[in-house]
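**Q**
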Amino acid sequence: ELKQKCGGTLPQEAFNPELGDYDLHRPFVDHITWPAPNGGTMRRIPDLLDVWFDSGAMPFAQWHQPFENDDAFARNFPADFIAEGVDQTRGWFYTMHAL
Numbered sequence: 036e037l038k039q040k041c042g043g044t045l046p047q048e049a050f051n052p053e054l055g056d057y058d059l060h061r062p063f064v065d066h067i068t069w070p071a072p073n074g075g076t077m078r079r080i081p082d083l084l085d086v087w088f089d090s091g092a093m094p095f096a097q098w099h100q101p102f103e104n105d106d107a108f109a110r111n112f113p114a115d116f117i118a119e120g121v122d123q124t125r126g127w128f129y130t131m132h133a134l
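Okay, so the sequence shown: first residue is 36 according to the numbering used here, each after it adds one.
And the structure:
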């Protein structure tokens with residue numbers, strides 16, 4: 036599935052000889068870049084605070100808050116309904132409330 040999303044091939048830099056397969060984790064993806072649809076270059080971001088913090092910030096990120104779209108954010112936050120699995124309540128759902 037990943038190869039299909041990447042246009043049928045994965046960069047050789049992502050191949051981990053110890054696994055005998057592709058490894059899309061650091062350090063194997065650190066130097067991989069992809070052409071962006073807007074003409075720029077996509078690359079792995081250097082830091083991630085926490086995956087739950089990152090996903091819990093979704094209500095802000097979808098409206099590019101606090102940088103713009105104040106009216107849209109005010110009309111749509113907080114969400115009226117959230118559906119998720121029980122296993123998500125200590126991660127993503129908790130982080131949304133904490134933020």
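The beta carbon of each residue, even a glycine, is placed where N, CA and C say it ideally should be.
Please read these numbers as outputs of a predicted model, since none were measured by experiment.
Considering only residues of the same chain and omitting the five flanking positions on each side of Pro46, which have a CB-CB separation below 8 Å?
**A** For the purposes of this step, residue 46 is identified with residue 11 of the sequence shown, where counting begins at 1. Here the set comprises Ile67.
**Q** Would DSSP call Arg78 helix, strand or coil?
**A** Along the sequence shown, one-based indexing puts residue 78 at 43. Secondary structure at Arg78: strand, using DSSP grouped into helix, strand and coil.
**Q** I think Phe88 touches Trp98, with their Cβ atoms under 8 Å apart; what is that distance to the nearest whole Å?
**A** Locating residue 88 in the sequence shown gives position 53, counting from the first residue. Locating residue 98 in the sequence shown gives position 63, counting from the first residue. With a Cβ gap of about 17 Å, Phe88 and Trp98 do not count as contacting.
**Q** Do Leu134 and Gly91 have their C-beta atoms closer together than 7 Å?
**A** For the purposes of this step, residue 134 is taken as residue 99 along the sequence shown, with counting starting at 1. For the purposes of this step, residue 91 is taken as residue 56 along the sequence shown, with counting starting at 1. Closer than 7 Å, so yes.
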